[in-house]
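Heads up: the sequence shown at position 50 corresponds to 1385 in the numbering used here, and the numbers run straight through without jumps.
Every residue gets a Cβ at the ideal spot worked out from N, C-alpha and C, and that includes glycine.
Take a look at the structure set out below.
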Amino acid sequence: LDACPWPEPRPVWVLGSLDPTGEAQTFTLRTRIAKGETESELEGLLGKRISVSHLTDGVVAFGGREAADAFAEENGPDLLVFETSSGELFQMASEARAVVVLMKGLGAMPSARMLATVLRNQPELDT
């Protein structure tokens, strides 16, 4: 997501870790984003459809604390869970030219490695 889907601020939980100086840093995964506008322009110029995308940082966020804790526990002792507001999260992501990867409605939680693979290879994501 590159824009907040909620009209009112709400709590969200993000993953992070501590750098060597003890400062918190956000846990991100490289995320492929389709560039539909560029594809349309190229199709108009060349007469054929060409898939265009780019990789950007995706901030992994959760709508519930329990899901965030479960993901952190499954994926290593260095992952921490931080609470923030949805507005602050999307502002931070925008300033960093990142997107938000909102984990919701998952029955089984994927591993960080599996999630990284899906996000990197996914040709089209909701933005």
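Would you decide whether residue i is buried or exposed? Buried here means 16 or more other CB atoms lie within 10 Å of its CB.
{"i": "residue 1318", "result": "The displayed coordinates of the chain run from 1336 to 1462. Any statement about residue 1318 would go beyond what the structure contains."}
{"i": "residue 1348", "result": "buried"}
{"i": "residue 1385", "result": "exposed"}
{"i": "residue 1375", "result": "exposed"}
{"i": "residue 1452", "result": "exposed"}
Are the beta-carbon atoms of residue i and residue j separated by less than 9 Å?
{"i": "residue 1351", "j": "residue 1417", "result": "yes"}
{"i": "residue 1424", "j": "residue 1405", "result": "no"}
{"i": "residue 1447", "j": "residue 1409", "result": "yes"}
{"i": "residue 1436", "j": "residue 1450", "result": "yes"}
{"i": "residue 1339", "j": "residue 1422", "result": "yes"}
{"i": "residue 1391", "j": "residue 1432", "result": "yes"}
{"i": "residue 1407", "j": "residue 1438", "result": "no"}
Ends of the beta strand (DSSP E) at residue i?
{"i": "residue 1362", "result": "Here residue 1362 belongs to no beta strand (DSSP E), and DSSP marks it neither H nor E."}
{"i": "residue 1351", "result": "1346-1353"}
{"i": "residue 1437", "result": "1434-1438"}
Assuming residue i and residue j are in contact, meaning their beta carbons sit under 8 Å apart, how far apart are those beta carbons, in whole angstroms?
{"i": "residue 1428", "j": "residue 1434", "result": "6 Å"}
{"i": "residue 1379", "j": "residue 1454", "result": "Actually they are not in contact, since the Cβ atoms of residue 1379 and residue 1454 sit about 29 Å apart, beyond 8 Å."}
Is residue i close to the ligand PLP? I mean its beta-carbon at under 8 Å from any heavy atom of the ligand.
{"i": "residue 1430", "result": "The ligand PLP is not part of the structure shown, which contains no ligands of any sort."}
Locate the alpha helix (DSSP H) running through residue i, then write down its first and last residues.
{"i": "residue 1429", "result": "1421-1430"}
{"i": "residue 1450", "result": "1447-1456"}
Ranges of the alpha helix (DSSP H) found wholly within the segment 1378-1411, counting only runs of at least 4 | Here the runs fully enclosed are 1400-1409.
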